[in-house]
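K.L.:
Each residue of the sequence shown is one higher than the one before, starting from 3 at the first, in the working numbering.
To start, I am sharing the structure in question, which I have written as structure tokens.
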Amino acid sequence: MKGEPRRGRHPGVLVAIKLGHTTAWFAIESCFSYVLYSGLAKRSDRRAALAGGVVALECLVFAANGFRCPLTAVAESFGAGDGSVTDIFLPRWFARYLPVIHVPLLVLAVVLHARNLRHARAVSRRRAAGSGPARRSPSGS
3 MKGEPRRGRH PGVLVAIKLG HTTAWFAIES CFSYVLYSGL AKRSDRRAAL AGGVVALECL
63 VFAANGFRCP LTAVAESFGA GDGSVTDIFL PRWFARYLPV IHVPLLVLAV VLHARNLRHA
123 RAVSRRRAAG SGPARRSPSG S
């Protein structure tokens, strides 16, 4: 962390931190991609909710740490250079803009799933009122 003395450079530890964080980042990005995909595909289901929960938890951790990844401070304490995202195997130019890239996509995902849930609720109300599509009997007639 800034202001604290550095423990010295530990390349093995830094590689482990970067590898662990890159793996976590990939898992969270996979969840984020699924949330976007399922929103576009009009699938607001339990899987999308679970993936959205993972993304929301990541957002809360990031915000609670002053919009700085907590692992950045850990990596810096083991000798990584100052600056954002020193703890991940991504090109610096890409890593620097991750929040800028993700915020509009996050808003889009929320809008898509809100639309999907509104539509599902309207269909459910119509069915409950008896104005839904006609159902076929099990015999097929």
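For each residue, glycine too, the CB sits at the ideal point set by N, CA and C.
(1) Taking C-alpha atoms, which residue in TYR99, ALA53, PHE80 and LEU100 lies nearest to VAL37?
(2) Can you name the start and end residues of the alpha helix (DSSP H) that PRO72 belongs to?
(3) Are THR24 and PHE80 close, meaning C-beta to C-beta below 7 Å?
(4) Determine, for GLU78, whether the minimum Cβ-Cβ distance to residues of chain B falls below 7 Å.
(5) Within this structure, are the beta carbons of ILE30 and GLU78 separated by less than 7 Å?
(6) For the alpha helix (DSSP H) holding HIS12, just list the boundary residues, first then last.
(7) Classify GLY41 as buried or exposed, calling it buried when 16 or more other Cβ atoms lie within 10 Å of its own Cβ.
(8) Would you check if the distance between the CB atom of ALA82 and the CB atom of LEU21 is smaller than 7 Å?
(9) Within this structure, are the beta carbons of VAL63 and CYS33 separated by less than 7 Å?
(10) Is there at least one non-hydrogen atom of the ligand ZN closer than 6 Å to the beta-carbon of HIS115?
(11) Within this structure, are the beta carbons of LEU119 and SER35 separated by less than 7 Å?
(12) Between which two residues does the alpha helix (DSSP H) harbouring ILE90 extend?
P.N.:
Judging by the given coordinates:
(1) ALA53
(2) Residues 72-79.
(3) no
(4) Within the model displayed, chain B is absent; a lone protein chain is all it includes.
(5) No, the pair does not count as a contact, with Cβ atoms beyond the cut-off.
(6) Careful: HIS12 lies outside any alpha helix (DSSP H) and carries neither H nor E.
(7) buried
(8) no
(9) no
(10) Of ligands this structure carries none, so the ligand ZN is not represented either.
(11) no
(12) Unbroken run through ILE90: none, as it is neither H nor E.
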